[in-house]
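Position 18, counted from 1, in the sequence shown is what numbering that gives the first Met the number 0 calls 17; the numbers after and before it change by one each time, with no gaps.
Input: a single structure, listed below in structure tokens.
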Amino acid sequence: MKNVMPRYKALLFDLCDTLVPLNFSRLPTVAVKGQPVQSTGGLIHDVLKVFYPHVTFDEFYSVLSETTRQLHLTRDQELREVTSEQRFQKIIERLHLGTDPGAKRLLDRMISTHTDQIVQMMEFPESHRQVLKKYHGRYRLGLVSNFDHAPTVYRVLEREGVRDLFQEILISAEVGWRKPHREIFQLVLDRMRLDPEEALFIGDSLLFDVAGAKQIGMDTVWL
Numbered sequence: 000m001k002n003v004m005p006r007y008k009a010l011l012f013d014l015c016d017t018l019v020p021l022n023f024s025r026l027p028t029v030a031v032k033g034q035p036v037q038s039t040g041g042l043i044h045d046v047l048k049v050f051y052p053h054v055t056f057d058e059f060y061s062v063l064s065e066t067t068r069q070l071h072l073t074r075d076q077e078l079r080e081v082t083s084e085q086r087f088q089k090i091i092e093r094l095h096l097g098t099d100p101g102a103k104r105l106l107d108r109m110i111s112t113h114t115d116q117i118v119q120m121m122e123f124p125e126s127h128r129q130v131l132k133k134y135h136g137r138y139r140l141g142l143v144s145n146f147d148h149a150p151t152v153y154r155v156l157e158r159e160g161v162r163d164l165f166q167e168i169l170i171s172a173e174v175g176w177r178k179p180h181r182e183i184f185q186l187v188l189d190r191m192r193l194d195p196e197e198a199l200f201i202g203d204s205l206l207f208d209v210a211g212a213k214q215i216g217m218d219t220v221w222l
């Protein structure tokens, strides 16, 4: 009896560290308590100083770190995304700047300064582009990403000329749910009008990608 491979209608991809390796060495280095740390925090504080010179780097970085830790703890427990906007808004509030007239302009500048650096660390190997182009003609392609700022994802996909290769793009910042919650996987299937057995999910995380997709019956590839 022949061993027949499943016939899929769609290939669904994770983004970070699957299609797009993250090169943290591209982040700037800043001194935190005398130790070098790769972070966007120094550049964000430079922006903050223009608006509010009295806020020291140590004060800002302490609030940045603790706020991020607390929000991500809740995020990981509830599998609800905390967007970049929500995180930086909370930081501004904890610095007691939330009601200041310049807070909205500051929020926009902080986000853009941070995401500009994130874009630089998101690499896209030529071989990955060729894989997408090769299979675009054979399968319907989808992208499902845990990412807190959707414009950054679209910016990278457009920079690499691959956005139009995907029939559907689901980003946790837009849909609310994060992998491995079953809702984000079910949503991409619903939008693409697929049954679980008709799609193959490809990702680097055993928890977020493989376990998440398998719980609704999709086959998976773990990179």
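For every residue, glycine included, the Cβ atom is placed at its ideal position computed from N, Cα and C.
Quantities reported herein were computed from a predicted structural model and do not represent experimental measurements.
What is the DSSP secondary structure of residue i, reduced to helix, strand or coil?
i: Thr73; result: helix
i: Met0; result: A caution first: Met0 carries a pLDDT of 37, below 50, which makes its placement in the model unreliable, though a value can still be read off. Looking at Met0 - three-state DSSP - the assignment turns out to be coil, as it is neither helix nor strand.
i: Pro179; result: coil
i: Gln195; result: Before going further, note that residue 195 is Pro rather than Gln in the sequence given. Helix, per DSSP.
i: Phe123; result: coil
i: Phe165; result: coil
i: Ser144; result: strand
To which residues of the same chain is residue i closer than 7 Å at the C-beta, ignoring the five residues directly before and after it?
i: Lys213; result: Thr219
i: His127; result: Leu18
i: Arg154; result: Val118
i: Tyr7; result: Tyr138, Glu197, Ala198, Leu199
i: Phe165; result: Leu140, Gly141, Leu142
i: Gly101; result: Phe50
Given 7 Å as the limit, tell me if residue i has its C-beta closer than that to any heavy atom belonging to the ligand MN.
i: Ala102; result: This structure lacks the ligand MN; in fact it carries no ligand of any kind.
Give me, in chain order, the residues of the same chain whose beta-carbon lies closer than 6 Å to that of residue i; leave out the 5 immediate sequence neighbours on both sides.
i: Met121; result: Val19, Val155
i: Arg177; result: Leu78, Glu80, Asn145, Ser171
i: Gln76; result: none
Taking the Cβ atom as the reference point for each residue, do residue i and residue j lie within a distance shorter than 8 Å?
i: Leu193; j: Gln116; result: no
i: Glu159; j: Phe123; result: yes
i: Ile183; j: Leu169; result: yes
i: Ile43; j: Ser83; result: no
i: Thr114; j: Thr151; result: yes
i: Ala9; j: Leu105; result: no
Looking only at its own chain, which residues have a Cβ that is under 8 Å from the Cβ of residue i, when we skip the five neighbours before and after it?
i: Val36; result: Thr28, Val29, Ala30
i: Lys89; result: Thr66, Leu70
i: Met0; result: Residue placement at Met0 is poorly supported in this model, since its pLDDT is 37, which falls under 50; the coordinates are not used for a value here.
With distances taken from CA atoms, which of the options is nearest residue i?
i: Gln85; options: Asp203, Leu14, Leu63, Gly211; result: Leu63
i: Asp189; options: Asp57, Glu167, Asp107, Glu92; result: Glu167
i: Asp147; options: Arg74, Arg108, Phe23; result: Arg74
i: Tyr51; options: Phe87, Asp13, Ile91, Gln34; result: Ile91
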